[in-house]
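One structure is given below, encoded as structure tokens.
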Amino acid sequence: MEAKGNLRKNTRKEKDSHPDLTGKWTDSTGQQYWLSAWRNVDQKTGDVWFSLKLGNPVEPRGEQPMAAVTPHSKAKANAYQPADDSDIPF
131 MEAKGNLRKN TRKEKDSHPD LTGKWTDSTG QQYWLSAWRN VDQKTGDVWF
181 SLKLGNPVEP RGEQPMAAVT PHSKAKANAY QPADDSDIPF
């Protein structure tokens with residue numbers, strides 16, 4: 131498998147520090163990474179160039195780590211808790 135990627139306009143850019151382009155990069159093993167690019171212009175020559183950042187691996191949808199719940203904490207949260215009836219005279 132060959133390494134490849136793509137970039138598209140970042141429609142959620144709100145600050146100058148946010149990337150102009152975002153996308154994904156797939157390495158030769160098939161692992162995907164986030165890819166960001168910033169458009170730059172050389173002040174002397176007017177040449178356009180891009181700076182790139184290869185980010186963290188892309189997590190498959192539906193497989194994000196969930197908060198750990200121990201059986202004890204789950205049982206305690208679901209345990210029956212009777213009402214305080216100490217004021218009933220019998």
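Residue 131 is where the sequence shown starts when you use this note's numbering, and the numbers rise one by one after that.
By construction, the Cβ of each residue, glycine as well, lies at the ideal position given by its N, Cα and C atoms.
Bear in mind the structure is a predicted one, so any value in this text is a computation, not a measurement.
Flag this pair as yes or no: are the beta carbons of Ser158 and Glu132 separated by less than 8 angstroms?
On the sequence shown, position 28 is the one that residue 158 refers to. On the sequence shown, position 2 is the one that residue 132 refers to. Yes, they are a contact pair.
Let me know if Pro187 comes out buried or exposed under the rule of 16 or more other beta-carbons within 10 Å of its beta-carbon.
For the purposes of this step, residue 187 is identified with residue 57 of the sequence shown, where counting begins at 1. Classification of Pro187: exposed, given that the 10 Å Cβ count is below 16.
Please state whether DSSP places Gly135 in a helix, a strand or coil.
What you label residue 135 is simply residue 5 of the sequence shown in a count that begins at 1. It is a strand residue.
Between Ser166 and the rest of its own chain, which residues show a CB-CB distance below 6 angstroms, the 5 nearest in sequence each way excluded?
As a first step, residue 166 must be located in the sequence shown, where it is residue number 36. Excluding sequence neighbours, Ser166 sits near Pro149, Thr152, Lys183.
Using only the alpha-carbon positions, how far apart do Gly192 and Phe180 sit?
Residue numbering aside, residue 192 sits at position 62 when the sequence shown is read from its first letter. Residue numbering aside, residue 180 sits at position 50 when the sequence shown is read from its first letter. Between Gly192 and Phe180, the C-alpha separation is close to 33 angstroms.
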